[in-house]
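Trainee: The structure follows.
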Amino acid sequence: MNKKVSLDVAYVPSEDVVARVIEGELIIVPLTAGIGDLEDELYTLNETGKAIWNLMDGKMTLKTVVRKLSAEFEAPEDALERDVLGLVTELYQRRMLVEAPRS
Amino acid sequence: MKPQGPEPALLLKKEGELSLSGPALKELMQAVLRKNVPFRFRARGFSMAPFIKDGDVLTVSPVPDPPPGLGDVAAFLHPISGRLAVHRIVARKKSGYRMKGDGMDAADGLVPRANIIGIIRKVERNGHRVLLGLGPERFLIAFLSGRGLLSH
């Protein structure tokens, strides 16, 4: 999947993952080949990643997400934009996030 | 095809296994099975020896319709402790199932049907499928296990 993620698009967790916060840690299980497989791949996000993931509600564009995080963490938007684009690209390429349908 | 290149720092591959009795495993298993998708995980413990051994990889499927029967191995929530366990159905009663670990002396007691969260469909050991324990022989195993003839 070579398509790039865009700051003007909203993303949402794919139906092909299960994500749960367990003991404070966000754990993502990809349902690879129709199986939730703890023996294959299991992912976790750090605190910044978790904050980004929690805003992937399918309504907010990435631009809005960056602004929101910048206000919340009092961090510069350009640095956050890199983090958001980097993580969302990775999750999108791994099919853990998908583009939200445009309303 | 998986993307190439280094893992970004924000997304980490989870290392280490989750223990069978852990609430983490229970919650993940329930979440996956609710999507009507099988779940593969590593078993811990010796309660189902010799048919399931510590370290075997189990595939559990959502509860089928019709419901599971005698000899099936099920993942369930223990009615008293609430912990996740994988044991065999050794008797069916009106109000639920009598579950028992093949290698255990005592049964778990009566487990309500609602506590059964999945059925074990596949056992793998050292990369090979274990055939004994889930086929037609499961009825005989349930009979022997229910009478404590398999435990040491």
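Quick note, the sequences are listed as chains A and B, same order.
Here the first sequence stands for residues 37 to 139, where the numbers follow this note's numbering.
Here the second sequence stands for residues 1263 to 1414, where the numbers follow this note's numbering.
From the three backbone atoms N, C-alpha and C, an ideal C-beta is built for every residue, glycine too.
Kindly indicate the opening and closing residues of the beta strand (DSSP E) around PRO66(A).
Mentor: Segment 61 to 68, the beta strand (DSSP E) holding PRO66(A).
Trainee: Return helix, strand or coil for MET132(A), following the three-state DSSP convention.
Mentor: Three-state DSSP puts MET132(A) in coil, outside helix and strand.
Trainee: ASP1318(B) and VAL1392(B): beta carbons closer than 8 Å?
Mentor: The answer is yes: Cβ separation under 8 Å.
Trainee: If we cut at 8 Å on Cβ distances, does ARG1302(B) have a partner in chain C?
Mentor: In the structure shown, chain C cannot be found, because the protein chains are A and B.
Trainee: Alpha carbon to alpha carbon, what distance is there between LYS1356(B) and VAL134(A)?
Mentor: Going by the C-alpha atoms only, they are around 46 Å apart.
Trainee: Could you name the residues of the same chain whose beta carbon sits closer than 6 Å to that of LYS86(A), not counting the 5 residues immediately before and after it, in chain order?
Mentor: Cβ neighbours of LYS86(A) beyond the five flanking positions: LEU62.
Trainee: Given this structure, state the Cα-to-Cα distance separating LEU67(A) from ALA1347(B), to the nearest angstrom.
Mentor: About 23 Å.
Trainee: Which residue spans inside the stretch 83 to 116 of chain A form an unbroken alpha helix (DSSP H) run of at least 4?
Mentor: Complete alpha helix (DSSP H) runs here, min 4: 83 to 90 and 98 to 109.
Trainee: Does the Cβ of HIS1349(B) have 16 or more other Cβ atoms within 10 Å, making it buried, or fewer, making it exposed?
Mentor: Buried.
Trainee: Label PRO1300(B) either buried or exposed according to how many other C-beta atoms from any shown protein chain fall within 10 Å of its C-beta, with 16 as the threshold for buried.
Mentor: Classification for PRO1300(B): buried.
Trainee: With a 10 Å radius around its C-beta and 16 neighbouring C-beta atoms as the bar for buried, classify SER1407(B) as buried or exposed.
Mentor: Looking at its Cβ environment, which holds 16 or more other Cβ atoms inside 10 Å, SER1407(B) is buried.
Trainee: I'd like the list of long-range same chain contacts for VAL1335(B), defined as Cβ closer than 6 Å, with 5 residues on each side in sequence excluded.
Mentor: Counting only Cβ-Cβ distances below 6 Å, and skipping sequence neighbours, we find ARG1350 and ILE1382.
Trainee: Once the 5 residues before and after PRO137(A) are set aside, which same chain residues still bring their CB inside 6 Å of it?
Mentor: Contacts found: none.
Trainee: Determine the contact status of VAL1352(B) and ALA1368(B), defining contact as a CB-CB distance below 8 Å.
Mentor: No.
Trainee: Taking only beta carbons into account, state which residues of the stretch 1349 to 1377 of chain B come closer than 9 Å to chain A, listed in chain order.
Mentor: The stretch 1349 to 1377 of chain B vs chain A, Cβ under 9 Å: nothing.
Trainee: Using a C-beta cutoff of 8 Å, does VAL54(A) count as contacting chain B?
Mentor: Interface residue, yes.
Trainee: Below 7 Å on C-beta distance, what does ASP119(A) contact in chain B?
Mentor: The answer, in chain order, is LEU1272.
Trainee: So ASP44(A) packs on THR84(A), CB below 8 Å; how close in whole Å?
Mentor: Not a contact, Cβ separation roughly 22 Å.
Trainee: Please report the distance separating the alpha-carbon of LEU1396(B) from that of MET132(A).
Mentor: In a straight line, the C-alpha of LEU1396(B) is about 34 Å away from that of MET132(A).
Trainee: Any heavy atom of the ligand HEM inside 7 Å of the beta-carbon of LYS39(A)?
Mentor: What this structure holds is no ligand at all, so the ligand HEM is not there to describe.
Trainee: Could you work out which residue in GLY1284(B), ALA1293(B), GLU1386(B) and GLY1380(B) is closest to PRO1329(B) when comparing CA atoms only?
Mentor: Closest by alpha carbon: GLY1380(B).
Trainee: Measure from the C-beta of LEU81(A) to each C-beta in chain B and report whether the shortest distance is under 8 Å.
Mentor: Yes, its Cβ sits closer than 8 Å to a Cβ of chain B.
Trainee: Along the chain, where does the alpha helix (DSSP H) containing PRO1285(B) start, and where does it finish?
Mentor: 1285 to 1296 is the span of the alpha helix (DSSP H), which, as asked, contains PRO1285(B).
Trainee: Thinking C-alpha only, which one of LEU1272(B), ALA1404(B) and PRO1341(B) is nearest ILE1378(B)?
Mentor: Answer by Cα proximity: PRO1341(B).
Trainee: Hey, how far is the Cα of ALA55(A) from the Cα of ARG1302(B)?
Mentor: Their backbone Cα atoms lie some 16 Å apart in a straight line.
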